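If you're matching positions, the sequence shown starts at 1 in full-length UniProt numbering and goes up one per residue. Accompanying notes for the structure given below.
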Amino acid sequence: MANSKKPGGLREMLESMYSVIALLFILVACVELCDAAAAFDVYRLIQYDRSGSPFGSRFAALNHHAASLHFPPGVDLSRTVLIIPLRELNITFVREYINQKKPLGGFLVLLPEVLSFKTGGNNQVHEKEKMKNLLAELERLLIHSNIPYPVYFAFENDEIDTVLADIKKNDLMGQPATATTGGYKFVIPTAEPKKVASPTMTNIQGWLSGLKTDGDANQLPTIAIVASYDTFGAAPALSVGSDSNGSGIVALLEISRLFSLLYSNPKTRGRYNLLFGLTSGGPYNYNGTQKWLRSFDQRLRESIDYAICLNSIGSWDNELWIHVSKPPENAYIKQIFEGLSNVAEELDLKVGLKHKKINISNPRVAWEHEQFSRLRVTAATLSELSVTPELLESTGGLFDTRQYVNETAIVRGVKLVAESLARHIYGHQGKNIQIFADESSLAVNPAYIRSWLDVLSQTPRVAPFLSKDDPFVMALKKELAGHVDQVNVQHETLEGIFTFYDSTSARLNIYQVASVTFDLLLLLVLGSYLIVLFSFLVITTRGLDDLISLFRRPPSRKLKTA
Numbered sequence: 001m002a003n004s005k006k007p008g009g010l011r012e013m014l015e016s017m018y019s020v021i022a023l024l025f026i027l028v029a030c031v032e033l034c035d036a037a038a039a040f041d042v043y044r045l046i047q048y049d050r051s052g053s054p055f056g057s058r059f060a061a062l063n064h065h066a067a068s069l070h071f072p073p074g075v076d077l078s079r080t081v082l083i084i085p086l087r088e089l090n091i092t093f094v095r096e097y098i099n100q101k102k103p104l105g106g107f108l109v110l111l112p113e114v115l116s117f118k119t120g121g122n123n124q125v126h127e128k129e130k131m132k133n134l135l136a137e138l139e140r141l142l143i144h145s146n147i148p149y150p151v152y153f154a155f156e157n158d159e160i161d162t163v164l165a166d167i168k169k170n171d172l173m174g175q176p177a178t179a180t181t182g183g184y185k186f187v188i189p190t191a192e193p194k195k196v197a198s199p200t201m202t203n204i205q206g207w208l209s210g211l212k213t214d215g216d217a218n219q220l221p222t223i224a225i226v227a228s229y230d231t232f233g234a235a236p237a238l239s240v241g242s243d244s245n246g247s248g249i250v251a252l253l254e255i256s257r258l259f260s261l262l263y264s265n266p267k268t269r270g271r272y273n274l275l276f277g278l279t280s281g282g283p284y285n286y287n288g289t290q291k292w293l294r295s296f297d298q299r300l301r302e303s304i305d306y307a308i309c310l311n312s313i314g315s316w317d318n319e320l321w322i323h324v325s326k327p328p329e330n331a332y333i334k335q336i337f338e339g340l341s342n343v344a345e346e347l348d349l350k351v352g353l354k355h356k357k358i359n360i361s362n363p364r365v366a367w368e369h370e371q372f373s374r375l376r377v378t379a380a381t382l383s384e385l386s387v388t389p390e391l392l393e394s395t396g397g398l399f400d401t402r403q404y405v406n407e408t409a410i411v412r413g414v415k416l417v418a419e420s421l422a423r424h425i426y427g428h429q430g431k432n433i434q435i436f437a438d439e440s441s442l443a444v445n446p447a448y449i450r451s452w453l454d455v456l457s458q459t460p461r462v463a464p465f466l467s468k469d470d471p472f473v474m475a476l477k478k479e480l481a482g483h484v485d486q487v488n489v490q491h492e493t494l495e496g497i498f499t500f501y502d503s504t505s506a507r508l509n510i511y512q513v514a515s516v517t518f519d520l521l522l523l524l525v526l527g528s529y530l531i532v533l534f535s536f537l538v539i540t541t542r543g544l545d546d547l548i549s550l551f552r553r554p555p556s557r558k559l560k561t562a
């Protein structure tokens, strides 16, 4: 009876020991994934196609060991993430690495915290100016390259600086992180990016009606003030565009507020309609402006005397530029230039004129006023930029943050445009009359400009990632509605040569992992311990003979039969 129970008890013991061994193997295999060192928000380089050609970062998921710029020469980086602070970045190295299509597991750029739109402040001006120039060059390179690995941006802090210091130390000692040596592992468990289907654009239109006398059957003339509100940059989740074109939006809102005060009283209401347009799709050849203008009926379009487009007026010193497509001899162009020049002279400012013909057959639209000119409507762009920007540049990149915008420059820009318009509307051209004089009830309000500039400087607004019901779009509509008689919203689909992909931000998990040698040694120690423990249990419970029998060769079938 005892002999019949013995094999069953031994089998149960073996099964229990096998379960323990399997569990320990699972625990050891999970060591890498359980020892998290830190986690950070990261922002992915934009991914888009232009005319079918791929640009930007083509992947999002990440699961590789990390290395610094101090890696040994000739090392294989195909499964390595390079982590480089912007202040240490060698732009020549990055350009060569991208242009020569060298293999890389991923690229993480650490931005100084002073560039974060969450921190604000005006400290370390010299350092920020230096970083701005370097970042602009890096951004230009990354946006126009096809990069076959994940590229992310993150902001420096104490935790990530500590991790970076450890990585540098290991690299300098000739021990770069690998599966064999261990080190830090960067993991971003995210799905691969998908195309943004039918990205929407929203145009917001405000209308202030002029004073029309009884019996006057003629339609009043119209002046349009326009600004594009969306941005484009290397990292969509960080592209706040404080200057381009946050400054233009703020100026338009303040101008609409000033004229609403005048037009609210019939005695001071002008005999001009004022049309305010907050347009989308600016970085993409002003696609939203084109659709907005084509929605006008012919009567409205023909009533527009001229349009003034506001673009990047927040970081100029003493000179602004008027960009036009029609010849300077055109009557309305002369009127715009002379009106702005007269006011500028009184304000001790300079205004220059830049004329550039447009080519109707060329789809490239460099300035917003060019969309008006294509429909034979006189228009001009007022900007601090003296040179025509290239496609997808000067549209609100990573360096275009609140710290680089001078709200005093916006105040002066608003006063320049508002005074010029008012003198034209009320027939005071050439007269030294200040309608929006300082300290008066019609004075430009710096606090209003500052508050909206702060809001815009914390709001990424890349058009493909703004829904038609986005809170920011609704806030713009509500604010403009408080200054005008009527507000209309137009929703359109972004069309043309661009295709965009999602996954603009993620969470980076950093793990400190042990080397394979350590794992093998740990398994050896555990295995030896389990063997000793198992042998001890068998000997004490069943005897030495049972332990020996486990390792004996079982008798052959022939011997059993005999």
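All residues carry an ideal CB built from backbone N, CA and C; glycine is no exception. Every value quoted in this text rests on a predicted model; they were computed, and no experiment measured them.
Under the three-state reduction of DSSP, TRP292 is assigned to helix.
The shortest C-alpha to C-alpha distance from SER198 to any of ILE497, VAL525 and GLN512 is the one to ILE497. Going by DSSP, THR162 is part of the alpha helix (DSSP H) stretching over 158-172. Annotation for ILE425: the continuous alpha helix (DSSP H) segment containing it runs 407-425. Of the other Cβ atoms in all chains shown, fewer than 16 fall within 10 Å of the Cβ of SER361; this residue is therefore exposed. Restricting attention to alpha helix (DSSP H) runs no shorter than 4 residues, the segment 324-372 encloses them at 331-346, ordered along the chain. Per DSSP, reduced to three states, the secondary structure at LYS212 is coil, with no helix or strand assignment. PHE399 counts as buried, since at least 16 other C-beta atoms from the protein chains shown sit within 10 angstroms of its C-beta. Using a Cβ distance threshold of 8 angstroms, ARG257 and HIS70 do not count as a contacting pair. Taking the Cα of ASP502 as reference, the smallest distance to any Cα among TYR448, GLY56 and THR381 is reached at GLY56. For ASP454, the uninterrupted alpha helix (DSSP H) segment begins and ends at 446-456.
Each of THR499, ALA481, ASP485 and LYS477 was checked against the Cα of HIS491, and the nearest Cα belongs to LYS477. Listed in chain order, the non-local C-beta contacts of VAL473 below 7 angstroms within the same chain comprise THR202 and LEU466, local neighbours out to five positions each way being set aside. If only complete runs of 3 or more residues are kept, the segment 475-525 shows the beta strand (DSSP E) at 486-493, 498-500 and 505-513, in order along the chain. Annotated as proximal: VAL240 and PRO460, with beta-carbon spacing under 8 angstroms. Proximity to PRO446 across THR381, GLY314, ARG79 and GLU137 peaks at GLY314, based on C-alpha coordinates.
The continuous beta strand (DSSP E) containing TYR152 extends over residues 151-155. A direct Cα-to-Cα measurement between VAL324 and THR388 gives close to 11 angstroms.
Per DSSP, GLN434 has no beta bridge partner at all. With the rule of 3 Cβ pairs closer than 8 angstroms, the segment 365-374 counts as touching the segment 283-296. DSSP, read as helix, strand or coil, puts TYR284 in coil. Excluding its 5 nearest sequence neighbours in each direction, LEU164 has C-beta neighbours in its own chain below 8 angstroms: SER68, ILE83, PRO85 and LEU110, listed in chain order. Inside the segment 38-120, DSSP marks whole alpha helix (DSSP H) runs of 4 or more residues at positions 91-99, from first to last along the chain.
The beta carbon of SER457 is closer than 7 angstroms to those of PHE117, VAL240, SER242, GLY246, THR401 and ARG402 in its chain, skipping five residues each way along the sequence. The beta carbon of ASN146 sits closer than 8 angstroms to those of SER53, PRO54, PHE55, GLY56 and ARG58, all from its chain and outside the five residues before and after it, given in chain order. Here ALA481 has GLY206 and VAL487 as same chain residues with Cβ atoms under 8 angstroms from its own Cβ, once five neighbours each way along the sequence are excluded. Taking a C-beta distance under 8 angstroms as the contact criterion, LEU238 and PHE153 qualify as a contact pair. A residue is called buried once 16 or more other Cβ atoms fall within 10 Å of its Cβ, and VAL377 is buried on that count.
For SER228, the enclosing beta strand (DSSP E) covers residues 222-228. According to the DSSP assignment, GLY277 belongs to the beta strand (DSSP E) that extends over 273-279. Nearest C-alpha to GLY352 among SER383, PRO327, ALA331 and GLU346: SER383. According to the DSSP assignment, GLY246 belongs to the alpha helix (DSSP H) that extends over 246-263.
Taking all protein chains shown into account, PRO193 has 16 or more neighbouring C-beta atoms within 10 Å of its C-beta and is therefore buried. When the five nearest sequence neighbours on each side are left out, the beta carbons in the same chain lying within less than 6 angstroms of the beta carbon of PHE155 are those of LEU111, GLU113 and SER116, in order along the chain. The C-alpha of GLN100 lies about 26 angstroms from the C-alpha of PHE232.
CA-to-CA, the gap between LEU208 and ASP158 works out to about 52 angstroms.
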